[in-house]
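Below you can see the structure in the form of structure tokens.
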């Protein structure tokens with residue numbers, strides 16, 4: 112009361128001691144909630160006109176606020192889709208990459224389910240319903256033996272001889288299964304700047320695909 116008479120106001124903490132609690136909260140550490148969330152870029156996937164040598168990548172985004180580590184991996188339900196590799200970690204905002212291949216070789220449409228185990232990271236697993244179709248793939252030894260692929264290291268060109276009748280497309284894949292060249296011509300094709308190693312060739316006609324390979328050195 113003496114202070115009030117002199118200052119014309121009171122110490123606010125006398126009338127409102129709860130103000131001290133508010134100061135403690137303001138000065139304390141504000142802990143963020145732990146968010147363990149994943150986002151599937153797509154859960155139903157359809158691939159058309161793939162070949163057994165093709166590879167595709169499926170992504171699952173880490174959209175929480177905790178880094179993921181020690182990811183168990185992905186599995187295939189029936190084996191028609193093969194899981195080649197899975198990222199074992201993903202930082203916040205980064206994806207888990209699942210690289211898949213295709214095990215069937217006969218013409219037709221196939222279905223499989225690929226499951227990514229994120230139980231330790233977000234408490235759940237995620238399924239991808241995958242459908243893929245293979246065109247008519249005919250591997251004819253007699254004709255394959257006649258096809259010759261010639262790589263010229265001086266001008267870095269490739270040429271084919273004994274190209275099958277009706278051939279309309281040439282695809283070249285590297286050792287990792289990535290498409291590195293697509294061409295509708297079969298002679299003097301520039302092949303510049305590619306690393307040394309074995310490359311795989313698919314020669315397509317309306318009825319079949321004939322495969323071969325060549326060496327870059």
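In our numbering, the protein residues as written are 112 to 328. Glycine included, C-beta positions come from ideal geometry on N, C-alpha and C.
For residue i, the first and last residue of its enclosing beta strand (DSSP E)
i	result
residue 166	166-173
residue 279	Looking at the DSSP string, residue 279 is not in any beta strand (DSSP E), and its letter there is neither H nor E.
residue 315	308-315
residue 291	290-294
Straight-line gap, residue i to residue j (C-alpha atoms, nearest Å)
i	j	result
residue 167	residue 304	24 angstroms
residue 283	residue 318	19 angstroms
residue 299	residue 150	46 angstroms
residue 220	residue 163	13 angstroms
residue 213	residue 191	6 angstroms
residue 206	residue 236	15 angstroms
residue 157	residue 238	14 angstroms
residue 271	residue 177	53 angstroms
residue 338	residue 147	With the chain covering only 112 through 328, there is no way to say anything about residue 338.
residue 171	residue 289	21 angstroms
residue 199	residue 296	41 angstroms
residue 308	residue 245	27 angstroms
residue 169	residue 181	18 angstroms
residue 159	residue 217	14 angstroms
Own chain partners of residue i with C-beta closer than 6 angstroms, once the 5 adjacent residues on each side are dropped
i	result
residue 267	302, 303
residue 185	194, 197, 209, 225, 227
residue 183	228
residue 322	313
residue 161	213, 243
residue 201	173, 179, 207
residue 287	none
Bridge partners - residue i, DSSP secondary structure assignment
i	result
residue 157	242
residue 187	225
residue 212	166, 193
residue 324	311
residue 272	259
residue 264	Paired residues: none, contrary to the question.
residue 220	244
residue 287	Bridge partners of residue 287: none, in fact.
Own chain residues within Cβ distance below 7 angstroms of residue i, not counting five before or after
i	result
residue 273	257, 258, 259
residue 294	281, 300
residue 253	Residue confidence for residue 253 is low, a pLDDT of 43 falling below 50, so the modelled location carries little weight and cannot support an answer.
residue 277	316, 317
residue 269	260, 261, 262, 300, 302, 325
residue 61	Outside the modelled stretch of the chain, which goes from 112 to 328, sits residue 61, for which no answer is possible.
Span of the alpha helix (DSSP H), counted from its first residue to its last, around residue i
i	result
residue 150	Careful: residue 150 lies outside any alpha helix (DSSP H), inside the beta strand (DSSP E) at 149-151.
residue 231	230-233
Neighbourhood of residue i by C-beta distance below 8 angstroms, restricted to the same chain and skipping five residues each side
i	result
residue 291	283, 284, 285, 305, 310
residue 234	147
residue 188	223, 224, 225, 226
residue 154	237, 238, 239, 240
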